[in-house]
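S.K.: Structure provided below as structure tokens; questions to follow.
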Amino acid sequence: MKLYSVSLIIFVLIAYSTIVVNAQQAARDSCNSTLPLNNLTFNVSLLQCTEAWSLQNYILRYARTVDNTWSFILSAPDSSAFIGIGFSTNGQMIGSSAIVGWIPSDGGSGTVKPYLLGGKSPGEVNPDQGDLTIVNGSLKIESVSSRLYMSFQLTATLPRQSLLYAMGPAGFFPSSPDFRLREHRFVTTTTINYITGSQSVVKGSPHSKLKKTHGLMNMFGWGILIIIGAIVARHMKQWDPTWFYAHIALQTTGFLLGLTGVICGLVLENRLKANNVSKHKGLGITILVMGVLQMLALLARPDKQSKYRKYWNWYHHNIGRIMIILAISNIFYGIHLAKAGSSWNGGYGFAVAVLALTAIGLEVRKLLKKLQKLEEEEEEEEEREMLRTRLLWFTLGFSVTGASICHIVWRDLYAERFAISSDMKEKFNALEGRVSGLESGGYENPNPAQVSSFSTSLPPFVAMIDC
Numbered sequence: 001m002k003l004y005s006v007s008l009i010i011f012v013l014i015a016y017s018t019i020v021v022n023a024q025q026a027a028r029d030s031c032n033s034t035l036p037l038n039n040l041t042f043n044v045s046l047l048q049c050t051e052a053w054s055l056q057n058y059i060l061r062y063a064r065t066v067d068n069t070w071s072f073i074l075s076a077p078d079s080s081a082f083i084g085i086g087f088s089t090n091g092q093m094i095g096s097s098a099i100v101g102w103i104p105s106d107g108g109s110g111t112v113k114p115y116l117l118g119g120k121s122p123g124e125v126n127p128d129q130g131d132l133t134i135v136n137g138s139l140k141i142e143s144v145s146s147r148l149y150m151s152f153q154l155t156a157t158l159p160r161q162s163l164l165y166a167m168g169p170a171g172f173f174p175s176s177p178d179f180r181l182r183e184h185r186f187v188t189t190t191t192i193n194y195i196t197g198s199q200s201v202v203k204g205s206p207h208s209k210l211k212k213t214h215g216l217m218n219m220f221g222w223g224i225l226i227i228i229g230a231i232v233a234r235h236m237k238q239w240d241p242t243w244f245y246a247h248i249a250l251q252t253t254g255f256l257l258g259l260t261g262v263i264c265g266l267v268l269e270n271r272l273k274a275n276n277v278s279k280h281k282g283l284g285i286t287i288l289v290m291g292v293l294q295m296l297a298l299l300a301r302p303d304k305q306s307k308y309r310k311y312w313n314w315y316h317h318n319i320g321r322i323m324i325i326l327a328i329s330n331i332f333y334g335i336h337l338a339k340a341g342s343s344w345n346g347g348y349g350f351a352v353a354v355l356a357l358t359a360i361g362l363e364v365r366k367l368l369k370k371l372q373k374l375e376e377e378e379e380e381e382e383e384r385e386m387l388r389t390r391l392l393w394f395t396l397g398f399s400v401t402g403a404s405i406c407h408i409v410w411r412d413l414y415a416e417r418f419a420i421s422s423d424m425k426e427k428f429n430a431l432e433g434r435v436s437g438l439e440s441g442g443y444e445n446p447n448p449a450q451v452s453s454f455s456t457s458l459p460p461f462v463a464m465i466d467c
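Numbering (UniProt numbering), first residue to last: 1 to 467.
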């Protein structure tokens, strides 16, 4: 029983493996395979074959079947997605014309349409447009053995040799009325020699890296680091002098990245011979000049105590604000010129939004602190005013009280003075006589007993004097 169960399991596994292998082989195509199409309007025996995209098993068959008429059959796995082939003048997707076909998974009829690849966003890929001259009634697509076969004919002396191949997102099929495409899942670019049938994969546009470098350098330099440096200078001054060194480091790094981006842009303009970038170039040079002026302003910064410091601050702050506004505008304008698509717009837009919200939040926080400080100063001023009032009343009360006391004391002293003044004259007269008597009696050196008897005869307040 156990042997029977093991044998059954092995048989099922072998059968399953055989089915999978056969299905995979059926889903693959090669130039050695027989073309399983019968209702074509041109002679398939004249077709040349090439492995257009080996990674995705795209096979391209083509031939010049009639004078200036070229017949094409693109074979690709049926992965529940659209397939497409584009004809480009420079190896780039933008500006190319393409043939795109699909068969819905629900068994509906297949559709093949020409498209103009005006940009990288879905809204810029327009159906039923392009500069390909298509032979009427030649657009067809069939599904055979889990493969799609899309056929079409073009009228041309020699079709464009830069070809693009794309596979759409799984489960998506364009539908009426607009037949918009979504962004492809996989894509590759090749060049083909129609005489020999050889194809070579193009890793990328010869200027694509330079374009990306130009965009990224300017974006991070002028459009992000410079803004962060300005935020630090405005809202981090409580951490002195750390904020100053951070501001200098950010602005210097941003300037160097921006300078690199401008140089890349000038080189790119020269190589592409572009004639629609004059405004973009002019704004870029203006921003660069402002950046140079800001760097030079650092060398001419007056002391804080200088009377010219406020004019320097006005110049430095406002030139910086204008430069940031121009930089953000020019970056978005450059993305538009390059037709880089929604990913670049969305990515940089998100970064700018975060920086803007941060700046607004810090500005509101700074304003609230200032209002709180003013309220505290007003409260302190009210307290100081109350203290001044209390001090004034206390001083007045003390002065009145002191004046009253002085008046009473002076009055009493004055009364006592005039009360004793009548007998003072008599006692002083008697005193004068006694002194004269002492002198005439030969008492130039009186003894202590005489002095004591003399002192007792003096008025009380005179006796208090230290004789």
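Note that CB positions come from ideal geometry on N, CA and C, so glycine has one too.
Quantities reported herein were computed from a predicted structural model and do not represent experimental measurements.
Ordered along the chain, which non-local residues of its own chain (more than five positions away) have a Cβ less than 7 Å from that of residue 219?
M.R.: Here residue 219 refers to the residue found at position 219 of the sequence shown. Excluding sequence neighbours, residue 219 sits near 331 and 348.
S.K.: Report the three-state DSSP secondary structure of residue 189 (helix, strand or coil).
M.R.: Numbered from 1 along the sequence shown, position 189 holds the residue referred to as residue 189. Residue state, collapsed to three classes: strand.
S.K.: In three-state DSSP terms, what is residue 399?
M.R.: If you number the sequence shown from 1, residue 399 lands on position 399. In this structure, residue 399 counts as helix in the three-state DSSP scheme.
S.K.: Assuming residue 78 and residue 146 form a contact by the criterion Cβ under 8 Å, report the distance between their Cβ atoms to the nearest whole angstrom.
M.R.: One-based indexing of the sequence shown puts residue 78 at position 78. One-based indexing of the sequence shown puts residue 146 at position 146. At roughly 5 Å, the Cβ-Cβ gap stays under 8 Å, so residue 78 and residue 146 are in contact.
S.K.: Between residue 215 and residue 334, how many whole angstroms is the CB-CB distance? I'm expecting something under 8 Å.
M.R.: Translated into positions along the sequence shown, residue 215 becomes position 215. Translated into positions along the sequence shown, residue 334 becomes position 334. Confirmed, about 6 Å.
S.K.: Buried or exposed: where does residue 76 fall if 16 or more other Cβ atoms within 10 Å of its Cβ makes it buried?
M.R.: Against the sequence shown, residue 76 aligns to sequence position 76. Residue 76 is buried by the Cβ-count criterion.
S.K.: In terms of residues, what are the limits of the alpha helix (DSSP H) holding residue 259?
M.R.: Taking the sequence shown and counting its residues from 1, one reaches residue 259 at position 259. Per DSSP, residue 259 belongs to the alpha helix (DSSP H) from 242 to 272.
S.K.: When DSSP labels each residue in this structure, what does residue 150 get in the three-state scheme?
M.R.: In the sequence shown, the residue the question calls residue 150 occupies position 150. Of the three classes helix, strand and coil, the one that applies to residue 150 here is strand, per DSSP.
S.K.: So what does DSSP say about residue 232, is it helix, strand or coil?
M.R.: Position 232 of the sequence shown, counting from 1, holds the residue named residue 232. Helix.
S.K.: Tell me the DSSP secondary structure of residue 338 in three-state form.
M.R.: The sequence position of residue 338 within the sequence shown is 338, counting from 1. Helix at residue 338.
S.K.: Between residue 236 and the rest of its own chain, which residues show a CB-CB distance below 6 Å, the 5 nearest in sequence each way excluded?
M.R.: Translated into positions along the sequence shown, residue 236 becomes position 236. Around residue 236: 243.
S.K.: Is it a yes or a no for the region 146 to 160 touching the region 314 to 322, going by three-plus beta-carbon pairs under 8 Å?
M.R.: As far as the Cβ criterion goes, the region 146 to 160 does not touch the region 314 to 322, which means the pair count is below three.
S.K.: So, using beta-carbon positions, are residue 227 and residue 324 closer together than 7 Å?
M.R.: Position 227 of the sequence shown, counted from the first residue, corresponds to residue 227. Position 324 of the sequence shown, counted from the first residue, corresponds to residue 324. Their beta carbons are under 7 Å apart, which means residue 227 touches residue 324 by this criterion.
S.K.: Looking only at DSSP bridge pairs, what is residue 53 linked to?
M.R.: Within the sequence shown, residue 53 is the residue found at index 53, counting from 1. The partner list for residue 53 (beta bridge, DSSP) reads 58.
S.K.: Tell me which residue opens and which closes the alpha helix (DSSP H) that residue 470 is part of.
M.R.: What the structure shows of the chain is the stretch from 1 to 467, and residue 470 is not part of that stretch, so it cannot be assessed.
S.K.: Which residues does DSSP pair with residue 217 in a beta bridge?
M.R.: Taking the first residue of the sequence shown as position 1, residue 217 is located at position 217. Bridge partners of residue 217: none, in fact.
S.K.: Go ahead and label residue 92 buried or exposed: buried means 16 or more other beta carbons lie within 10 angstroms of its beta carbon, across all protein chains shown.
M.R.: Taking the first residue of the sequence shown as 1, we reach residue 92 at position 92. Buried: at least 16 other Cβ atoms inside 10 Å.
S.K.: Just to confirm the assignment, what range does the beta strand (DSSP E) spanning residue 142 have?
M.R.: Taking the sequence shown and counting its residues from 1, one reaches residue 142 at position 142. Counting along the chain, the beta strand (DSSP E) containing residue 142 begins and ends at 140 to 144.
S.K.: Might you give, ordered along the chain, the residues of its own chain that have their beta carbon closer than 7 Å to the beta carbon of residue 122, omitting 5 neighbours on each side?
M.R.: Position 122 of the sequence shown holds residue 122. These residues qualify, in order along the chain: 180, 181, 182 and 183.
S.K.: Going by DSSP, what residues sit across from residue 166 in a beta bridge?
M.R.: Walking along the sequence shown from the start, residue 166 turns up at place 166. Note: residue 166 sits in a beta bridge opposite 84 and 187.
S.K.: If you measure between the beta carbons of residue 287 and residue 344, is that distance less than 7 Å?
M.R.: As a first step, residue 287 is located in the sequence shown; it is residue number 287 there, counting from the start. As a first step, residue 344 is located in the sequence shown; it is residue number 344 there, counting from the start. Not closer than 7 Å, so no.
S.K.: Does the region 257 to 265 come into contact with the region 293 to 305, if we say contact requires no fewer than three beta-carbon pairs (one atom in each stretch) closer than 8 Å?
M.R.: Touching, no.
S.K.: Since residue 69 sits in a beta bridge, which residues does DSSP pair it with?
M.R.: Along the sequence shown, read from residue 1 onward, the residue named residue 69 stands at position 69. The partner list for residue 69 (beta bridge, DSSP) reads 66 and 155.
S.K.: At 4 residues or longer, and completely inside the region 306 to 379: list those alpha helix (DSSP H) runs for me, N to C.
M.R.: Runs of the alpha helix (DSSP H) inside the region 306 to 379: 309 to 338.
S.K.: Identify every residue that forms a DSSP beta bridge with residue 100.
M.R.: To locate residue 100, count along the sequence shown from 1; it is residue 100. DSSP, once it has assigned bridges, lists 84 and 113 as partnering residue 100.
S.K.: On a Cα-Cα basis, can you pick out the residue from 116, 95, 74 and 120 that is closest to residue 101?
M.R.: Working through the sequence shown from its first residue, we reach residue 101 at position 101. It is 74 whose Cα lies nearest to the Cα of residue 101.
S.K.: So, is residue 356 buried or exposed, given that buried needs 16 or more other C-beta atoms within 10 angstroms?
M.R.: Residue numbering aside, residue 356 sits at position 356 when the sequence shown is read from its first letter. With fewer than 16 Cβ atoms within 10 Å of its Cβ, residue 356 is classed as exposed.
S.K.: Of the residues 374, 198 and 159, which one's Cα is nearest the Cα of residue 549?
M.R.: Residue 549 lies beyond the range of the chain shown here (1 to 467); nothing can be said about it.
S.K.: Tell me which same chain residues have a C-beta within less than 7 Å of the C-beta of residue 113, skipping the five on either side of it?
M.R.: By one-based count along the sequence shown, residue 113 stands at place 113. These residues qualify, in order along the chain: 100, 127, 128 and 179.
S.K.: Roughly how many angstroms lie between the CA atoms of residue 389 and residue 369, to the nearest whole one?
M.R.: By 1-based counting over the sequence shown, the position of residue 389 is 389. By 1-based counting over the sequence shown, the position of residue 369 is 369. Cα-Cα distance, rounded: 30 Å.
S.K.: Assign residue 131 to one of two classes, buried (16 or more other C-beta atoms within 10 Å of its C-beta) or exposed (fewer than that).
M.R.: Translated into the one-based positions of the sequence shown, residue 131 becomes position 131. Exposed, by the Cβ-count rule.
S.K.: Under the DSSP definition of a beta bridge, which residues are partnered with residue 77?
M.R.: In the sequence shown, residue 77 corresponds to position 77, counting from 1. BP columns for residue 77 point to 147.
S.K.: Can you name, in chain order, every residue of its own chain whose Cβ lies under 7 Å from the Cβ of residue 319, other than the five neighbours on each side?
M.R.: Numbered from its first residue, the sequence shown carries residue 319 at position 319. These residues qualify, in order along the chain: 290, 293 and 294.
S.K.: Please state whether the Cβ-Cβ distance between residue 141 and residue 161 is less than 7 Å.
M.R.: Walking along the sequence shown from the start, residue 141 turns up at place 141. Walking along the sequence shown from the start, residue 161 turns up at place 161. No, the pair does not count as a contact, with Cβ atoms beyond the cut-off.
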